[in-house]
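Peer 1: Attaching a single structure in structure tokens format; questions to follow.
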Amino acid sequence: MNNQKLIDRILKDVRWMEIVDVFRVESANINAGEGGPAEIDIKTVHLEDGTVVPRVSPQAIFRMIRDYWIETGEKVDVAREEPGKPAPLPECDPVKYIDDDLFGYLNPGPPPQSRPGPIRSIGAIGLFEYPDDTDFLTSIVSTTGAEEGGSMVTKRIYTNTFILPIWCDVRRIGYEAIPQKDKSIKFEPLNGVSPEERKRRLSKFFESLFYLGKSMPGASKMPLSPKLIMIGLFTKPNITLYDVLENDLTVRIKEVKLQKEQTRTGEEKVVSIASGKVIFSIEPEAFIEKCLLYKEDIIEIKIGILEAFFDKKAEEIEAKIQGKLFGDLKEKIKVIPLINLKEELLS
1 MNNQKLIDRI LKDVRWMEIV DVFRVESANI NAGEGGPAEI DIKTVHLEDG TVVPRVSPQA
61 IFRMIRDYWI ETGEKVDVAR EEPGKPAPLP ECDPVKYIDD DLFGYLNPGP PPQSRPGPIR
121 SIGAIGLFEY PDDTDFLTSI VSTTGAEEGG SMVTKRIYTN TFILPIWCDV RRIGYEAIPQ
181 KDKSIKFEPL NGVSPEERKR RLSKFFESLF YLGKSMPGAS KMPLSPKLIM IGLFTKPNIT
241 LYDVLENDLT VRIKEVKLQK EQTRTGEEKV VSIASGKVIF SIEPEAFIEK CLLYKEDIIE
301 IKIGILEAFF DKKAEEIEAK IQGKLFGDLK EKIKVIPLIN LKEELLS
């Protein structure tokens, strides 16, 4: 299926779309949290059992997407300094700016302006506990005022695998949702956003997911290259599969070797040496169960994997999923190499 047909199908037939992006971060701090001038913390969240995992906020993800759009020449509604105003204000123009259309805005004014964006997210969640690793940086600015020529800064870092869910209310792309007297909602196309522009904006959004990262200079700002991207297309809203994909995904050390070493006392012991390489595997039991739960609502699900990082080829994973489904549902779920998914979305 080529890019034009896929984009057309999404904009014509799809009510709800879920995108799941799985990426790895190594020895970095993608989204700094609270901390004083001498310490750069990370954003974290507590799981039900008290485990602390790192997170990347949705605002940070959307900033990265905007950064990519700016670098590729896209018009983005960046706040500008205005004389006599206490703070820079955006224009809030969804016709002129792709981010105002896709992400929405909330401007207290005066006059107040708001637009619920069709695209939203909870941000990226780390799959593993944060072990409290740190790095030490040199700041060119004194953090206490006592030093000359700068000072040392402690920066918390992590190596982790993140899962990023993004949801899209497709009907709202390039449209305004207007409440009616009978409490229904009427969707009116934005005057100045053509059908071709809707397709172009959706394509630019897909493109940004393959080039996500911090564009600004700074330490520990690695690109967030995807290892897996899932595109789920549905006829009804508020369907999510990222939770079962998170449950079924396993990340483990690829190579662990045992070798003998001598201690300082002359004793011999066996130690394990990890290569640092990782391998992903999917046992799609929960995924299959939830697909069956929403079988009437699924239009199509495509999962693209970077096969070099997985223990099975895409066709093997697809065969396992389809072997436990029935009817036309099995033909609606495809697992393909990530490069093929990228070509379908961007070619």
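The numbering used here numbers the first residue of the sequence shown as 1 and each following residue consecutively.
Where a beta carbon is used, it is the ideal one built from N, C-alpha and C, also for glycine.
According to DSSP, is I19 helix, strand or coil?
Peer 2: If you number the sequence shown from 1, residue 19 lands on position 19. In the structure shown, I19 sits in a strand (DSSP, three-state: E or B).
Peer 1: Return the bridge partner residues of A28 from the DSSP annotation.
Peer 2: Walking along the sequence shown from the start, residue 28 turns up at place 28. Answer by DSSP bridge pairing, in chain order: Y158.
Peer 1: Between D248, P118, F309 and E129, which lies nearest to D49 when the distance is taken from Cα to Cα?
Peer 2: Locating residue 49 in the sequence shown gives position 49, counting from the first residue. Measuring from the Cα of D49, the nearest candidate turns out to be E129.
Peer 1: Thinking V14 and F234 are a contact (beta carbons under 8 Å), I'd like their distance in whole angstroms, please.
Peer 2: For the purposes of this step, residue 14 is taken as the residue at position 14 of the sequence shown. For the purposes of this step, residue 234 is taken as the residue at position 234 of the sequence shown. Their Cβ separation, rounded to whole angstroms, is 7 Å, which keeps V14 and F234 in contact under 8 Å.
Peer 1: Run through DSSP, which three-state label would D248 get?
Peer 2: One-based indexing of the sequence shown puts residue 248 at position 248. In this structure, D248 counts as helix in the three-state DSSP scheme.
Peer 1: With 16 other CB atoms within 10 Å as the buried threshold, where does L47 fall?
Peer 2: On the sequence shown, position 47 is the one that residue 47 refers to. Exposed, since its Cβ has fewer than 16 Cβ neighbours within 10 Å.
Peer 1: With a 10 Å radius around its C-beta and 16 neighbouring C-beta atoms as the bar for buried, classify I253 as buried or exposed.
Peer 2: Locating residue 253 in the sequence shown gives position 253, where the first residue counts as 1. With fewer than 16 other Cβ atoms within 10 Å, it is exposed.
Peer 1: List the whole-angstrom C-beta distance separating P118 from V170, where the pair is believed to meet the contact cut-off of C-beta under 8 Å.
Peer 2: Position 118 of the sequence shown, counted from the start, is the residue given in the question as residue 118. Position 170 of the sequence shown, counted from the start, is the residue given in the question as residue 170. Contact flag correct, Cβ pair sits at about 7 Å.
Peer 1: Take the Cβ of S220 as the centre, count every other Cβ of all protein chains shown within 10 Å, and call the residue buried at 16 or more, exposed below.
Peer 2: Position 220 of the sequence shown, counted from the start, is the residue given in the question as residue 220. Note that S220 has pLDDT 45, beneath the 50 cutoff, so the model's placement of it is unreliable and the number below is only indicative. Per the 10 Å Cβ criterion, buried.
Peer 1: For L249, which of T161, Y97, C92 and M17 has the nearest alpha-carbon?
Peer 2: For the purposes of this step, residue 249 is taken as residue 249 along the sequence shown, with counting starting at 1. Closest by alpha carbon: T161.
Peer 1: Identify every residue that forms a DSSP beta bridge with W167.
Peer 2: Within the sequence shown, the letter at position 167 stands for residue 167. Answer by DSSP bridge pairing, in chain order: E18 and R120.
Peer 1: Under the assumption that I298 contacts L345 (Cβ atoms under 8 Å), give the Cβ distance between them as a whole number of angstroms.
Peer 2: As a first step, residue 298 is located in the sequence shown; it is residue number 298 there, counting from the start. As a first step, residue 345 is located in the sequence shown; it is residue number 345 there, counting from the start. 19 Å between Cβ atoms; not a contact.
Peer 1: How would you write the range of the alpha helix (DSSP H) that N340 sits in, first residue to last?
Peer 2: Reading the sequence shown from its first residue, position 340 is the one you call residue 340. From DSSP, the alpha helix (DSSP H) with N340 extends over L338 to L346.
Peer 1: Say whether the region 239-248 touches the region 274-293, bearing in mind that this needs 3 or more beta-carbon pairs closer than 8 Å, one atom from each stretch.
Peer 2: The region 239-248 vs the region 274-293: in contact.
Peer 1: Determine the DSSP secondary structure at S57, reduced to helix, strand or coil.
Peer 2: Taking the sequence shown and counting its residues from 1, one reaches residue 57 at position 57. It is coil, neither helix nor strand.
Peer 1: Where do the ends of the alpha helix (DSSP H) carrying L329 lie?
Peer 2: Position 329 of the sequence shown, counted from the first residue, corresponds to residue 329. Residues L329 to K332.
Peer 1: Rounded to the nearest angstrom, how far is the Cβ of N29 from that of R156, given a contact under 8 Å?
Peer 2: Taking the sequence shown and counting its residues from 1, one reaches residue 29 at position 29. Taking the sequence shown and counting its residues from 1, one reaches residue 156 at position 156. With a Cβ gap of about 6 Å, N29 and R156 count as contacting.
Peer 1: When burial is assigned at 16 or more other CB atoms within 10 Å of the CB, is L209 buried or exposed?
Peer 2: Residue numbering aside, residue 209 sits at position 209 when the sequence shown is read from its first letter. Answer is buried; the Cβ neighbour count reaches 16.
Peer 1: Where do the ends of the alpha helix (DSSP H) carrying F287 lie?
Peer 2: Position 287 of the sequence shown, counted from the first residue, corresponds to residue 287. E285 to L293 is the span of the alpha helix (DSSP H), which, as asked, contains F287.
Peer 1: Would you mind working out which of I239, K332, D77 and Q113 sits nearest I166, comparing C-alpha positions?
Peer 2: In the sequence shown, counting from the first residue as 1, residue 166 sits at position 166. Ranking the options by Cα distance to I166, first place goes to I239.
Peer 1: DSSP three-state label for Y68, please.
Peer 2: Position 68 of the sequence shown, counted from the start, is the residue given in the question as residue 68. Helix, per DSSP.
Peer 1: So, for E197: in the same chain, excluding its five sequence neighbours on each side, which residues have a beta-carbon less than 7 Å away from its beta-carbon?
Peer 2: As a first step, residue 197 must be located in the sequence shown, where it is residue number 197. Hits under 7 Å: G174.
Peer 1: Straight-line CA distance for M222 to C291?
Peer 2: As a working note, residue 222 is residue 222 in the sequence shown. As a working note, residue 291 is residue 291 in the sequence shown. Their Cα atoms are separated by approximately 34 Å.
Peer 1: For P368, I'd like the list of residues in its chain whose CB is within less than 7 Å of its CB, leaving aside the five on either flank, ordered along the chain.
Peer 2: The first residue shown for the chain is 1 and the last is 347, placing residue 368 beyond what the model contains.
Peer 1: Just to confirm, are L224 and F23 a CB contact at a threshold of 9 Å?
Peer 2: Looking up residue 224 in the sequence shown gives position 224. Looking up residue 23 in the sequence shown gives position 23. In this structure, F23 lies closer than 9 Å to L224 by Cβ.
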